[in-house]
Every structure is written in structure tokens, then in C-alpha cells.
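For the first sequence, our numbering gives the first residue as 10, with consecutive numbering after it. The C-beta atom is built at its ideal place from N, Cα and C for all residues, glycine as well. Take a look at the structure set out below.
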Amino acid sequence: MSDLTDEAATPVVPRNDATFESLWDELVWRGLIHVSTDAEALRELLQGDPITYYCGFDPTAPSLHLGNLVQLLFMRRLQLAGHRPLGLVGGSTGLVGDPRPTAERTLNTKETVAEWVGYLGAQIQRFLSAEGSNGVRMVNNLDWTAPLSAIDFLRDVGKYYRVGTMLKKDAVSARLNSEAGISYTEFSYQLLQGLDYLELYRQYDCVLQSGGSDQWGNLTSGTDLIHRAEGVRVHAIGTPLITNSDGTKFGKSEGNAIWLDPDLVSPYGFYQFWVNTEDADVVARLKVFTFLSRAEIERIAELVVREPFRREGQKRLAFEVTSTVHGVEATRAAIAASQALFGQGDLARLDAATLDSALAALPRAIGSLGMPLTQLLVDAGLTKSLGESRRAIEQGGVYLNNVTVGSADAVLTADAILVGVGAVLRRGKRTLAAVTLAD
RNA sequence: GGCGAGUUACCCAAGCGGCCAAAGGGAUCUGACUGUAACUCAGCUGUGUUACCACUUCGGGGGUUCGAAUCCCUCACUCGCCA
């Protein structure tokens, strides 16, 4: 494999693997089909003339995250096959809240939701081509639900729904069996999502909706509604929820979500997340999150088994996914920073430019000479309190420029500032922060 | 509607007047090992400038007491049993 830090190294061009008999077969091979409506019919449908399909994203946060990335790349694969994507942002569904199995959601203000709708819309468009006859079209479900009166909604949509069926949906029954119960608001969610599909079917002849398998109840809400209202069978595909082989939640780093917004998770942090993928998970991730061909992935799979310590799979995965989300430039910078910071080498020997860009990738604390390291650790977000800082140092878990800090009383000194740029503060093996001087 | 049980730190769960910042387990975090791993072993885990010192904490509020997570009253919520 070529060196990924090489300027010549470029991410693979997104395309579907022509060695598969059909797009459907590739999707199955990649493990992207967890549940669907009629598989045979879908295989045919996806092989035929372009169809219109959609996937919705609710504004529950100011950015999409890795779970959403599965959907976006799934959509991209269909688009590459010539199909027409509709990117839906949930301006109205975001106001209501999809019932989570555990507890009622806190409603966000309309202003907040509207703001997030804008952010998500922009993110979605970065992953789907706007070019050609099958360029992505963005829609917002608030456009057709806002003008709808409660009476019309109940008469035109509600009449098609049986409460018995609604109660059987997993998300709803889980809540009914829990202490949390469920509000009428969230109970109504499936009607709204069903209406979306119906609306898109009528407006754009949309005949396929994809979503996470946990959304299956909501996906079928739409297919059932269209069947009742229009007498037509349309389709739905539920992609698997990505899980880690060790049972922990995928897409979280120390409990925090991995967001796609570089302001929330830096490209460096994003790259690091992927580089730290477990051996047991690498191949499955490559299939889902990259456009590498089957042959290439099978080749890497062998390397992962034969030479796991080289971590070629992780590096390739991190390179590809980070490039897809943040671009090649940012990815190269992230790799360079990773090498500078994790290399066994002496940080003091780095040149100013390399060090500066490496530090730029890290969370930052502004310090001044004489400032206690315990405070800098807190400022950098490496610890939560001075006590924790002290404890970490006493356990030998804190490093300044790769040198263990011996005393909890240590302060920032002038010689710690490398080539006039700053210092590298590290907690544990791989949690890093930059320290720069205030001036 | 009646009777009974319960609400403890990130989660589960002991404690039932002082020795309780609060057992134990899980989880996180740190160290050794290592591949920036996994497994295993060890340690930390309320806050405070370095502390057997102070402060905040045991559902909310109010009492009793030299002293309460522990006793009393009250409010809220949860869970059983009987109507």
C-alpha cells in the first residue's frame, strides 16, 4: 500500500463496485441491508430506471453524527447508480420528537430547530452530488405540515391509522411498558413521518425511503399509509445500527458523539476516532464507510489478520472516511499531526511549521509562564477539576512534551515552550492538548 | 380509594444517630504490558493549591438532637398488595 502521508495519496473515487451483479448485491455484501420490504422487488427496482428515494434527518442537534453518515453514504451509493435522492430535513418532525425507547424528549424551541435545520441541510448537501438529472433535491417537511390544520390532519391522515397498529411499534410499546410513559405528542410522530413519505410520493414519485433499522416502524408507517391512501406498494430499507464487537456504542468517544461538524469534532479528533477502531471491526467499517472495492477490502482484511500490528486497515479507514467528511487537505494535516504527536521522536526537534499545525489540531489552553499545570489540564479539558489533575499527575499519567510530569506542583516554564510555538500537554496515552502563551 | 415498600454519588446497590464523602459491583479514567490496541494485572474516581482540614452531597421542604443519609412532620414521584 502507498504511504498515506504521501502527497500523491488520494482517497478512492466514490463509485459502486462493478464486479457485483447488482447494486442490491453490493449493498447486501456491505452489510447495509438489515431489513427491507420485498427484497426481490427492490433488487429489480434498483437495477432499473432511476427512481426517487429519500431519507430524513431530524434536527435534534446542530450537526449530524456518524450514525447519520451511514445514511448519507448509503444515499450516495444509490445516487451513483443513477437514482435521484431527496434530502429531507425534519423541520416539523424535529419540533415533535421521535420517541426514544427510554424517555420523553425535551422540546427545543422553534428558533433552535429552525437554526439546526439550516446546519443539517448544508451538511447533507456536501455528501450528495447536485449535478446532473439526478442531483440531490432538498426538502423540509415543515413546508407541507405547517399549512395543515389540525382538523385536516386528523381527517386526511389520522383516519388511515389504527391505534392498535401504532401501539405495536417498538418505540411506542417500549415506552408504554416503561415508567416514562409517552406523551400524545411523541405518539403522533409516526403519523408525521408517514405523511412525509406520502407527500414525497405524490410530489416526486418517491418510492423508497431508507433509515436506520431502529426507524423501521416509522418507515413502514409511510409505506402503509401510501398503500392505503394511494393503493400503491412502495419500499423501505432499514440499515443496521452499527455496533462495536465489544458491545460498546459505536460513534462515541468517551461518551461524546462524533459529530461531522469540524467545529464540534476537529478533523484530527475525527481521524483519531477511526484510527483507534478495533481490529475486529475494521473490515465491517470499511464496507460501510468507504467506497473501496470488494477486492481492495478483501486484500486489507487479509492484512488485518496477518499483520494486525501494522494497522493498515485502521489507517486506510481513517484516511478514507476523514477525507470523505473533511476533505483530503484536512486529512493530510490530521495525519501529519498524528505522526508528530505520536511519533516516538523528540517534539523539540520538529520544525515550527509542523509543530504549529499539529498543535492547531488539538484542543487548546491559553497559559502563561508560571501557571500550574493542574490548572492548564483543566483549561484544556483534559481533566475536570484541579483534584483530578493532581491525581492524574500523581499516577504518572500526565506528560508535557512527551515527558512525564513528576510533581503536581509543576508549573509552565519557558523551556517547555517549543520553538516559540507552544507546548504539548498529554493525559494518558493519547489524550492531547496544546498549550499556547497568552500575549 | 385503602394498606405496605421505596427514592443514596455516572449506573446498580449497602448503610438505619457520631468511627459516613458514605461498603460492594459495574462503568469511566490512569499505570504496567502493547499495535496510539485487545486480554490481563494494579490504582484513582464529590470540590477546594498540596490538606485525616474545610466545604457541598444521600428525592424537595421543615423539625428533633451537641451531632442525621440514618429519628419526626410534610410534599413529590416510583413500586407492590387489597378494593
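Report the rounded CA-to-CA distance for Trp225 versus Leu273, giving the unit in angstroms. Position 216 of the first sequence holds residue 225. Position 264 of the first sequence holds residue 273. Taking the Cα positions, Trp225 is about 29 angstroms away from Leu273.
Cβ neighbours of Asp223 in the same chain (closer than 7 angstroms, five flanking residues each side left out): Working through the first sequence from its first residue, we reach residue 223 at position 214. Annotation for Asp223: Leu250 place their beta carbon closer than 7 angstroms to its own, counting only its chain and skipping 5 residues before and after.
Report the three-state DSSP secondary structure of Tyr170 (helix, strand or coil). Numbered from 1 along the first sequence, position 161 holds the residue referred to as residue 170. The three-state reading of DSSP puts Tyr170 in coil, since its state is none of H, G, I, E or B.
The beta strand (DSSP E) enclosing Met147, as first and last residue numbers: Counted from its first residue, the first sequence places residue 147 at position 138. From DSSP, the beta strand (DSSP E) with Met147 extends over 146-149.
Which residue comes first and which comes last in the alpha helix (DSSP H) that contains Ser366? As a working note, residue 366 is residue 357 in the first sequence. Counting along the chain, the alpha helix (DSSP H) containing Ser366 begins and ends at 361-369.
Hey, would you say Val387 sits closer than 8 angstroms to Ser394, going by beta carbons? The count along the first sequence starts at 1 and reaches residue 387 at position 378. The count along the first sequence starts at 1 and reaches residue 394 at position 385. A contact, by the Cβ cut-off of 8 angstroms.
Please check the pair Thr257 and Ser219, which I expect to be a contact at CB under 8 angstroms, by giving their CB distance rounded to whole angstroms. Numbered from 1 along the first sequence, position 248 holds the residue referred to as residue 257. Numbered from 1 along the first sequence, position 210 holds the residue referred to as residue 219. In this structure Thr257 does not touch Ser219 by the C-beta definition: roughly 25 angstroms separates them, more than the 8 angstroms allowed.
Within the region 156-241, ranges of the beta strand (DSSP E) (whole runs, at least 3 residues): The qualifying runs are 215-221.
Nearer than 7 angstroms: is that true of the beta carbon of Thr19 relative to any heavy atom of the ligand MG? This structure lacks the ligand MG, and indeed carries no ligand of any kind.
Nearest by alpha-carbon distance to Leu163: which of Ile344, Ala369, Ser197, Arg135 is it? In the first sequence, residue 163 corresponds to position 154, counting from 1. When Ile344, Ala369, Ser197, Arg135 are compared, the shortest CA-CA separation from Leu163 is found for Ser197.
In this structure, how does DSSP classify Ile402 when only helix, strand and coil are distinguished? As a working note, residue 402 is residue 393 in the first sequence. In the displayed model, Ile402 falls within a helix according to three-state DSSP.
In angstroms, rounded to a whole number, what distance separates the CA positions of Met10 and Leu356? Locating residue 10 in the first sequence gives position 1, counting from the first residue. Locating residue 356 in the first sequence gives position 347, counting from the first residue. At Met10, the pLDDT of 43 sits below 50, so the modelled position is not reliable; the number obtained from the coordinates is stated separately. Straight through space, the alpha carbons of Leu356 and Met10 are spaced by roughly 28 angstroms.
Between Ile133 and the rest of its own chain, which residues show a CB-CB distance below 6 angstroms, the 5 nearest in sequence each way excluded? Position 124 of the first sequence, counted from the first residue, corresponds to residue 133. The beta carbon of Ile133 is closer than 6 angstroms to those of Gly96 in its chain, skipping five residues each way along the sequence.
Thinking C-beta only, is Asn410 closer than 8 angstroms to Ala432? Looking up residue 432 in the first sequence gives position 423. Looking up residue 410 in the first sequence gives position 401. Yes, they are a contact pair.
Just to confirm, are Ala327 and Val284 a CB contact at a threshold of 8 angstroms? For this step, residue 327 is matched to residue 318 along the first sequence. For this step, residue 284 is matched to residue 275 along the first sequence. Taking 8 angstroms as the cut-off, the Cβ atoms of Ala327 and Val284 count as close.
Since Leu75 contacts Ile267 with CB under 8 angstroms, what's their CB separation in whole angstroms? As a working note, residue 75 is residue 66 in the first sequence. As a working note, residue 267 is residue 258 in the first sequence. So it is a contact: roughly 5 angstroms between Cβ atoms.
What span of residues does the beta strand (DSSP E) with Phe66 cover, start to end? One-based indexing of the first sequence puts residue 66 at position 57. Phe66 -> beta strand (DSSP E) spans 61-66.
Collapsed DSSP secondary structure at Gly130 in the structure displayed: For the purposes of this step, residue 130 is identified with residue 121 of the first sequence, where counting begins at 1. If DSSP states are grouped into helix, strand and coil, Gly130 belongs with the helices.
Contact check, Arg86 vs Leu36, beta carbons under 8 angstroms: Position 77 of the first sequence, counted from the first residue, corresponds to residue 86. Position 27 of the first sequence, counted from the first residue, corresponds to residue 36. Between Arg86 and Leu36, the CB-CB gap stays under 8 angstroms.
Using the DSSP secondary-structure output, state which residues sit across from Leu97 in a beta bridge. If you number the first sequence from 1, residue 97 lands on position 88. Partner(s): Gly65, Val148.
Candidates Gly100, Pro71, Phe66, of which the one nearest Met84 by Cα: Counted from its first residue, the first sequence places residue 84 at position 75. Per the Cα distances, Phe66.
Taking the alpha-carbon positions, what's the Leu81 to Ala180 distance? Within the first sequence, numbered from 1, the residue matching residue 81 stands at position 72. Within the first sequence, numbered from 1, the residue matching residue 180 stands at position 171. One Cα belongs to Leu81, the other to Ala180, and the distance between them is close to 23 angstroms.
So, helix, strand or coil for Ser45, using DSSP? Numbered from 1 along the first sequence, position 36 holds the residue referred to as residue 45. It is a strand residue.
Are Arg436 and Ala401 touching if we call contact CB-CB under 8 angstroms? In the first sequence, the residue the question calls residue 436 occupies position 427. In the first sequence, the residue the question calls residue 401 occupies position 392. Yes, they are a contact pair.
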